[in-house]
Amino acid sequence: MVVDLSKCMRCHACIAACRVEHFLPLGMTWPRLIAWEENEAELTTFPVRCNHCQDAPCVKVCPTGATQQREDGIVWVDQDRCVGCRYCIIACPYQNRTYLSRDRDTGYFPGYEMTEFEKVGRKLYPHTVGTTEKCNFCMERIDEGISRGLKPGKDRAATPACVNTCPSRALHFGDLDDPDSEVRQLIRDRRGFQLHLEHDTDPSIYYIDKGYRGA
Amino acid sequence: MALRQWMVTHDWMVKPTAQTEWIERRGVLVWIAEVFTSLGAGLYLVSLFFDNWWGMLAAWVIIMFLKVPLHLIYFGKPFRFWRTIPPFTNAWKTSWFTRGITFTILFGSVAFVQLVITFVALHVFPATAWGAWDMAFRVLGGLLALLVGIYSGFIMSYCKSVPFWNTAMLPLVFLFAGVADGLALIMAIGLFDPRVSISAAESAGRFVLAVNALMMAAYLWNATYTSRTAKYSALLLLKGALALPFWLGVVILGIVTPLVISSLSLFAGEATTGLLITAIVLHTAGAVALKYVLLKAGVHTPLLPTLSYSHRL
C-alpha cells in the first residue's frame, strides 16, 4: 500500500469504512489517523495501520502460530488460535495491534441490546474478546475478488475497503512485487519511504511525503 | 521549529510511550509472575549448590504453583494454553515465549523427579545406585532452572520495538538478579535448617550483589547511548517517574542494604537473626522493584518521525 500524505484530507473515511467492513467493536480501530500542524498554514496527516512487514516480528514472537503471514505477504491473526499473551503487541515496532478486552467490546450502545448491524456483524466477524486484532488488508475481499479473476488495487471488489472509500485517492493498493504496478511506480517516482527502517522489518506500507509533491 | 500536535487521540504515535500490556491492569500478573520466576529459578540453582532439599522443593513450588498459574490467568484465553506447548505449536523455532513455556514444563517434570529421587536417595536407600540418578537429574534440573531464569530476559530483549530491552545484557541482568534472590531465600531457609551455611550464603551474596550492582550500572550506561528511546527509559529510572522505585527499591533496599548487612559479618562475626531477616526482606522487596522498573521503563519509539525528519528521507 502507498499512502500519499499530500492528498490525505483528514476525513476519517478510511476509519469508518474499516469499521463498517469488519463490524469493528466500539473500542477497536484498525487504521488510525493523526494530524500535525507544522505551522498555522500547514497541516500534515499520517494515516497508519498494520504495516504487514515482510519480516514481521509479531509472526516470530507469537507462541501459538496464531499470527501468520500468507504467501502474498498479508499478516493476519487467527483468533481461534490466539491465546491473548499480548507479546505481539509489545513486539510490534509500529504499535498497530490492539488487544480486544471486555471494555473495548461494550456494544455500540452500552447497556442496550445489540443493534441488527452488530448482530449480523457477530456472525460474519466474530471478534473474540481476549485476543489480539489488527488490520488484515481486507483479505476476505481480496481472496473473493481474486477467485472471480479480479485484480487487487485495480478492481474495487478485490481492494481493501479503506482504499475504495478514500475520497481524495490518498491510498493506493497493489502488488509490490510487480515492477509495473501503480504502487511500485509511485514508490519509484515519488521516493516512497517506509517508517522505522532501523527495525529491519521491511514494511509493506510506503508513504509519499508532501515534501516531494509534484516531483 | 516547534511542532504542535493537532489531534491528541494517539499520543503513542508521536511520543515515547511506555508499554502497558505487561505492567498495568492485568499486566500486574506478569510482573508478579516474573518476580516468582526469578525467586524460584534462583532458589533452585542456589539450593543445588548448597545441596538443600527443602530449598529445591520451595523453588519448585514457587515456579509451578505461583509463577505458572499467574501467567495462565494473565492470558486472554487461558484455556487455550495448550496451544503454546509443543507439539501443538512449532513456534518454538522463533518464539522465546514458547521456548520459555517448554523450559518451564520440562523443569517442572525433571525437578519433580529429582526431588523424589533425592528424597529416596537420602532417606530411604542411602548409599545406593539412586545416587547416580540423583546426580543426573540434578544436572538436568539445574540446566533447566538456568533456562527458566533467563528466558524472560530473552523474551524482552528480542523486542526491537522497545530499545531499552533490546540488548543482550538483559538476560544476564535477570540471571544474576535471580541468583541473588535465591541466595536471600536460602538464607531464609537457613534460619530454620541448620545444614545451610549462612556464612557461605553471605559470602556468595556479597559477590553476587556486587556483580548485580555492576550489571545494572553497565546496563543503564549502555542504554544511554543505544538510542534516544533507550536513553529516555534509562533517564526515567535515574531521575524520572521511576526514580523512587529504582533508587529506593532496587538500589537501596535490594542491593546496598543487603550488601552492607552481609559485609558487617566480615568485621563483627555472623549477622544476627534480626539483621538477616531484614536483609532477606529488603532484598526480596528489591527483586519486586527491579522487575517493576524494568517492565515499566519499556518504552516504544514514537511511530512517526517529525515532519522535518520525514522531509529528509
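Line order of the protein sequences matches chains A and B. Sequential numbering from 1 applies to the first sequence in the working numbering. Sequential numbering from 216 applies to the second sequence in the working numbering. We put the beta carbon where it would ideally sit given N, CA and C, even for glycine.
Straight-line gap, ALA428 of chain B to PHE391 of chain B (C-alpha atoms, nearest Å): 10 Å
Residue-chain proximity (HIS199 of chain A, chain B), Cβ-Cβ < 8 Å: yes
Span of the alpha helix (DSSP H), counted from its first residue to its last, around THR313 of chain B: 311–334
Assigned secondary structure, ARG32 of chain A (DSSP; H/G/I helix, E/B strand, else coil): strand
Under 8 Å from the C-beta of GLU239 of chain B: neighbouring residues of chain A: By Cβ distance, chain A contributes nothing, its closest Cβ being about 11 Å from GLU239 of chain B, past 8 Å.
Interface residues of chain A facing ARG298 of chain B [CB-CB closer than 7 Å]: THR64, ARG81, VAL83
As assigned by DSSP and simplified to three states, the class of LEU518 of chain B: coil
CA-to-CA distance, ILE247 of chain B to PHE389 of chain B, given in whole angstroms: 14 Å
Inter-residue CB distance, LEU244 of chain B and LEU330 of chain B (contact presumed, cutoff 8 Å): About 27 Å; that fails the 8 Å criterion.
Residue span of the beta strand (DSSP E) that contains ILE74 of chain A, given as start and end: Looking at the DSSP string, ILE74 of chain A is not in any beta strand (DSSP E), and its letter there is neither H nor E.
At least 3 beta-carbon pairs within less than 8 Å: the segment 275–284 of chain B vs the segment 314–323 of chain B: yes
Beta-carbon spacing of THR444 of chain B, VAL508 of chain B below 8 Å: no
is_contact[GLU236 of chain B, chain A] using C-beta, thresh 8 Å: yes
Cutoff 8 Å: TYR94 of chain A Cβ touching any chain B Cβ: yes
Residues sharing a beta bridge with ILE208 of chain A, DSSP: A:ASP4
Where MET222 of chain B sits in the DSSP three-state scheme: Residue placement at MET222 of chain B is poorly supported in this model, since its pLDDT is 46, which falls under 50; the coordinates are not used for a value here.
Through-space distance from ALA16 of chain A to VAL325 of chain B, alpha-carbon basis: 54 Å
Residue(s) in a DSSP beta bridge with THR67 of chain A: A:VAL77
Whole-angstrom C-beta distance between PHE137 of chain A and ILE74 of chain A, which should lie under 8 Å: 5 Å
Coarse secondary structure for GLU133 of chain A, derived from DSSP in three states: strand
Sheet register partners of LEU171 of chain A (DSSP bridge): A:VAL3
Exposure label - MET114 of chain A; buried when at least 16 CB within 10 Å: exposed
Beta-carbon neighbours of ILE205 of chain A, restricted to chain B and to distances below 8 Å: Within chain B, no residue comes near ILE205 of chain A; the closest Cβ sits about 12 Å away, beyond 8 Å.
Proximity test, Cβ basis, 8 Å: ILE316 of chain B and chain A: yes
Where HIS196 of chain A meets chain B, residues with beta-carbon distance less than 8 Å: THR516, LEU518
Residue interval of the alpha helix (DSSP H) (run including GLY464 of chain B): GLY464 of chain B -> no alpha helix (DSSP H), and no H or E assigned at all.
Contacts around ASP155 of chain A, its chain only, beta-carbon distance under 7 Å, and the 5 residues preceding and following it disregarded: GLY145
Best match in A:GLN194, A:ASP78, A:GLY130 for proximity to VAL48 of chain A [C-alpha to C-alpha]: A:GLN194
Chain A contact residues for ASN305 of chain B, given Cβ-Cβ distances below 9 Å: GLY65
According to DSSP, residues forming a beta bridge with VAL48 of chain A: A:ARG32
From A:VAL61, A:LEU33, A:PHE109, residue whose alpha carbon lies closest to that of MET9 of chain A: A:LEU33
The segment 106–135 of chain A: positions lying closer than 9 Å to chain B by Cβ: THR128, VAL129, GLY130, THR131, THR132
Neighbourhood of GLY121 of chain A by C-beta, 7 Å cutoff - its chain only, sequence neighbours within 5 removed: PHE23
Any C-beta of chain B under 8 Å from that of SER48 of chain A: For the record, residue 48 of chain A in the displayed sequence is Val; it is not Ser. Yes, VAL48 of chain A lies at the interface with chain B (some Cβ there is under 8 Å from its Cβ).
Chain A contacts from the segment 309–338 of chain B (Cβ-Cβ distance under 8 Å): THR309, SER310, TRP311, PHE312, THR313, ILE316
Cβ contact check for the segment 467–477 of chain B and the segment 423–438 of chain B: 3 or more pairs under 8 Å: yes
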